[in-house]
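The block underneath contains the structure these notes are about, expressed in C-alpha cells.
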Amino acid sequence: MLAFAGFLALAACSNDDDREETPFQQATEIVRDRLTPGEPGPTLRDGLTRAQIQQLPGEVIFVEIPDRDAQALMGLLIETPNGATYVTPEGITLTFEQGFLKASRGLGGDIVAGDSRAIRAALGTEGTAIRFYDYLTGEDRIDRRRLTCLLSAPEPERITVFEVVYGTARIDETCSDGELVFDNVYWIDEGGVVRKSRQFVSLSVGHVIVEQL
Amino acid sequence: MKTSLPCATTSALAITISLIAAGASAQGHTYNLYGEPGLIEMPTADTVPEGEVALTFGSAVNQFRNTFTFQATPRLSGSFRYARIDEFGGPGEDETFDRSFDLRFRFIDEGVYRPAVAVGLRDFLGTGRFSAEYLVATKRIGERLSVTGGLGWGRLGSRDGFENPLGVLDEGFETRPELEIEEGGEVNTDQLFRGDAAIFGGLSYQVTDTLTFLAEYSSDAYTFEEETEVFEASSPVNVGLSWRPRPGFEFGLHYLYGEELAASASIVINAKERPTVGGFDIAPLPVLVRTQNVLAAESWDDPSTAAGFEAIEGSLAQAIEGEGLVLVDLDIRGSVARVRYENPRYRSEPQAMGRIARLLTHAMPPNVETFVLTPQRTGLPASAVTIRRTDMERLENQPGGTELSFDRAIIADAPAEVGLSPEPADVQRFRYNLAPYFRISSFDSSEPVRGEIGAELSASYDIRPNLILQGALRQRITGNLEEGDPIQPTGLEPVRTNIGFYNEADGVTIPDLTLAYYFKPGDQLYGRVTGGYLERMFGGISTELLWSPANSPWAFGAEVNAVQQRDFDQRFGFQDYDVVTGHVSAYYDFDNGFYGRVDVGRYLAGDSGATFALDREFDNGFRVGGFFTLTDASEEDFGEGSFDKGVSVSIPTDWFFGTPSRRRISTSLNSLTRDGGQRVSVPGRLYGTVSGAQNPDLEEGWGRFWR
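Protein chains in written order, with the numbering used here: chain R, 9 to 221; chain S, 16 to 722.
And the structure:
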C-alpha cells in the first residue's frame, strides 16, 4: 500500500514544455472526471444580460450544444470567402456561410466541410435541395454525405435573443440520405440575417443552437 | 529524442479500455467461451464488424481461457489464447499453461435463403490441446433467432464421431495422427481436418435488446479429460445466457454438459471507431484568402530584404510553435516558400502539413504561390510535399476538398543536397522527464500477469538535430517480476531466457544509454549509427542503411549490429557473450491497410533465418500484427514452442484521449520468450522513423489534412 502511495506521489516532472501528459496521467484524469459529479450551477445563458453583451468586443455569437450541456460565447476569428469562423476560448471553431453551418473543429465528431449553397438558394418557398457534408470518421477517413433536404415554407415567428425581440421567418429543414436523418431550424430576419438557428453537427455532437448577438 | 514507448502503458491500457469500450459490436453476435464469435463452446459462422477487438475471459470445465480476437478483414479473424488447464493429467495433478492460435474465414455470405458459411482452425499452431477444425453455417431467421449447424474435427469431432466424409478425397483423412506435442508450436498440418468428424449445432435467440438465450449441442466429448478422470460430460447439451448491459461489454453464464456452471466476460472495442471520433485537437487557424480587400488592408514584409525576411521568419516560427511544431528552416525564393519543420505533436503528418500550410497563407507575401513542406525526423528530411496556395484558398471547407488537396499535392523525395539540418533557433535541445514506469510480463509459464512499478528518469540532448544522446535511469519500487519461474533453458546461448536475472537487479539500473547519429547519403537513402547500451540485455554498435523513396510502397534496409551481453545489474559492465547480428529487410505497404515485412539474417543466439511480419493498420493508427521467425536452430534447441511467434497490438494514445500525440500504447503477446530468433532492440530504427512522413502513409493519413 505504501509503495502504491509512493507511486502515485511520484508526480511526473519534466522540463519539456511541449510534452503531453503520459497516457497514465491522462487515464487518471479521465477516471477522476468520471468520479467527480458535476455541480449543476447557473448556466452562461442565465447570467448573460444584453448590457453585458453590448460590452463584448467584436462580433460574438452565443452557442449551445444541448446534448453536451455546453454553452459558450464565440468571437469572430476570421471572415473569408470560405466562411466566417468563430472561436471559443478553448479553441473550438464553428464556420458559417451566411449563418449556415459549414465546418466545425474540436468537437470530436466534426464537419470537415459542408455546402449549403443550394439550400440558401431554395429558401423562401417549400421545396427540396441537396446538401453535401464531409465528416471525419473515427478511422480518420472522410465520410461524404449527399443529403436531400426538404425546406418548409417560411412561417412568421417572433423570437427573443437576450432581451431583444426580432420578427423572423422560421424555416424548418429536414435532411436525409436514407441513413443519416436530421432537422434544422432557422429564424431569419427581414434583412436576411439568420438571427437564431438550431443546426445539426453530427451524431456524436448533436445539434448546436446559435444566436447572433 | 527518446523514442521508446511511454511508461505506464499497460495500466493506462487497462483503465481506458474498461472505461471506453463502447461503440463496438452491435447486436446479433456473441463471443463464446473460446473467445470466438459463437454460442457457448461451439463456433458460429458469424463475423463481427471489421476492426473489432475482443478480450474474452472464459471459465469452462477445468480450464480458464483468456482470448484475444481480432477481425482483421470483413471475412478473416484470428485469435491468440492463453489458458490455464487445472489438474492436467489427472485429479490432484498440477495445472498447465497453454498458448494457442486460431484462424477463421467466412467464405459464403448470408443471403435471403442461404446461410453464412465459415471455416475455422482452433489451436492450429500450439500444443494442440484445443486442436479442432470446423465448417459451420449460420442463418438468421427473423430479427431475433439464428440457427447454426456445423461439422467438426479434432476436439469438435470427438462426440459420436463418424467416418470422415473427406475420406472420399483421400483415405489419409480418415485417421488423425497423434500430435507430437513435445515442443508444440508447429503448424499441425498432419492433423488438419483428419480423423472422425461429428455434427454440432445450436441456436441463439435475442430475448431483449441486451439479453440473448443460447443453446447448443456440443460435439466436444472432453475425451482427454474423461480419460484422465478430471471431467465427465453427462450431456452434450449446453445452455446459457449472454448479457450486454452496454455496448462493449458482454457477460455470459452457462450450464455445461449437464454438470456445471461456467461464466465468461468480454471487453469489445472497434479499432475503426475512435471514441472521440475526429478528436478534440484545438482548431487550426483558417486559411487567409487573398481577396482584394485583404490585399488592400494587409501589408507584408519584403522577404528579399534581410529585415523583412527575419520578420516573416520570426512570426512564422512563433505561429508554428503555437501548433506544437518546430520551424527548422525557411527559404523564400520568388514565388516558392520552402519550410522544413519537425512534428513532435501530430501522429498524422498531413495534419501537421495542413496546419503549416494554413499559417503560410497568413505569413507569406501574396506573390508566394507554392509551398514546399519538408518534414524532418531525427534530423532527416523524409519527403518534400508541394502544395499550391490557391488550392488552400479554394478547397478549405469545400466538400471533396480533402481528396482534391491530396490529388493536387506533389509528393517527392527530399533531395540529399539540401543537406542535413541547420540548427533551428531557440529549440529546446535538452529534455528530461521523471515519471513512473510500469512493466508487465503477461502469460509467463505460471502466472498470467506479473508486474513491476518504479521511477524512471529519462533525458536526451540533441548535440545536433541528427546527433542525439539519450538515456534513462530506473529505480524499481515494487513488483513481482523477479518471482517468475525460471524459464526452461534452451539448447542455445541464453540471450533472452535469462530475463529473470535481469528482473532481479536491485538498485538503479540503466535500461538504455545511446548516442545516435543519423545521416542521408542519397535522395532516397537514410543511415543510422547507434552506439551504447542499446537495451536492457545488450550493448554495442548498431548500424543501419535504408532505401525508402518518398513515393513507393517498397523500402529495403540492411542492419549490422556488434553487441555484447550486458551484466544482469544493467549498469556499465558486460558479460562474455558477444555476437555480430545483421539483417536485410524488405518492407511493403499493401495499400489496403496491410503492411508486410521480411527480415533475413542472423539473430542474437547466432542462429540464422527469417522473420515474417504482417500488420493491419487502420488509418487512425490502430495496429494489430502478427509475426513468426524461422531459424536454423533445431526445435530441440529452441525448446517449447519450436519457433518464435506472436501477436502485437499498438494503439496511438490519441485514439483513446482525442488529444494530439505521437505516443503509442503497445504490447505484444508472444507465444513464449525463447532464445532462438531474437533480435536486439534498437531505439530509432529508420523505417519507423521516416515512413510515416512518406507515401503511402501520407495518403492514408490525409483525412486529417484539414483537421
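Even glycine gets a Cβ: it sits at the ideal position worked out from N, Cα and C.
Identity of the residues DSSP links to S:N566 by a beta bridge: Answer by DSSP bridge pairing, in chain order: S:N710.
Test: R:Y236 CB closer than 9 Å to a CB of chain S: Residue 236 of chain R lies beyond the range of chain R shown here (9 to 221); nothing can be said about it.
Closer than 9 Å at the beta carbon, the chain S residues around R:L144: V292, G293, G294, T417, G718, R719, W721, R722
Every unbroken beta strand (DSSP E) within the stretch 379-436 of chain S, with a cutoff of 3 residues, ordered by chain: Correct list: 385-392, 399-403, 425-427.
Distance between S:L528 and S:T596 (C-alpha atoms, nearest Å): 20 Å
Inter-residue spacing [alpha-carbon to alpha-carbon] between S:F658 and S:T646: 8 Å
Alpha helix (DSSP H) segment containing S:W670, residue limits: 668-672
Helix, strand or coil at S:H377 [DSSP, three-state]: Collapsing the DSSP output to three states places S:H377 in a helix.
Contact check, S:E65 vs S:F421, beta carbons under 9 Å: no
S:N481 to S:F445 span [Cα, whole Å]: Whole-angstrom Cα-Cα distance: 14 Å.
Interface flag, R:V218 vs chain S, CB-CB below 9 Å: No - not a single Cβ of chain S is within 9 Å of the one on R:V218.
Contacting residues, own chain, Cβ-Cβ under 8 Å from R:L155 (five flanking each side not counted): I138, R139, F140, Y141, C183, S184, D185, L188
Cβ-based burial, S:N382 [other Cβ within 10 Å; buried from 16]: exposed
Contact set between the stretch 505-528 of chain S and chain R, restricted to residues whose Cβ is under 7 Å from the partner: Per Cβ criterion, the list is empty.
Inter-residue Cα distance where the pair is S:L28 and S:F627: Here S:L28 scores only 41 on pLDDT, less than 50, and its place in the model should not be relied on; the value that follows carries that caveat. C-alpha separation (whole angstroms): 27 Å.
Range of the contiguous beta strand (DSSP E) that encloses S:T227: 226-232
Any chain S beta carbon closer than 9 Å to R:P65: Chain S, which has no Cβ nearer than 9 Å to the Cβ of R:P65, makes this no.
Residues that DSSP places opposite S:M57 in a beta bridge: DSSP, once it has assigned bridges, lists no residue as partnering S:M57.
Residue closest to S:G167, alpha-carbon to alpha-carbon, out of S:D175, S:L160, S:S161: S:D175
Neighbour flag for R:R40 against chain S, beta carbons, 9 Å: Reliability fails at R:R40, whose pLDDT of 48 lies under 50, so the model's placement of it is uncertain and the value that follows must be treated cautiously. R:R40 does not count as touching chain S.
Bridge-paired residues (DSSP) for S:N47: In DSSP, S:N47 forms no bridge with anything.
Cutoff 9 Å: R:Q207 Cβ touching any chain S Cβ: No - not a single Cβ of chain S is within 9 Å of the one on R:Q207.
9 Å Cβ cutoff met for S:L388 and S:G572: no
Cα-Cα separation, S:A648 to S:G691: Roughly 6 Å separates the two Cα atoms.
For R:V209 and R:V202, believed in contact at Cβ under 8 Å, the rounded distance: At roughly 16 Å, the Cβ-Cβ gap does not stay under 8 Å, so R:V202 and R:V209 are not in contact.
R:E163 (DSSP reduced to helix, strand or coil): strand
Euclidean distance between Cα positions of S:R80 and R:I179: 59 Å
Cα-Cα separation, S:A69 to R:V172: 55 Å
Selection from S:A133, S:A334, S:P106 that minimises the alpha carbon distance to S:P52: Nearest of S:A133, S:A334, S:P106 to S:P52, Cα basis: S:A133.
Reference S:D101; option with closest CA among S:Y232, S:D113, S:S94, S:D205: That would be S:D113, whose Cα lies nearest to the Cα of S:D101.
Buried or exposed by the 16-neighbour rule on C-beta atoms within 10 Å, applied to R:R101: First, the amino acid is wrong: residue 101 of chain R is Thr here, not Arg. It is buried - the Cβ of R:T101 has at least 16 other Cβ atoms within 10 Å.
Delimiting residues of the alpha helix (DSSP H) encompassing S:Y702: Its alpha helix (DSSP H) spans residues 701-705.
Contacts around S:R155, its chain only, beta-carbon distance under 7 Å, and the 5 residues preceding and following it disregarded: E125, S161
Limits of the unbroken alpha helix (DSSP H) element including S:L331: Start and end: 321-337.
Residue-chain proximity (S:K287, chain R), Cβ-Cβ < 9 Å: yes
Residue of R:E219, R:V213, R:Y174, R:G200 minimising C-alpha distance to R:Q106: R:G200
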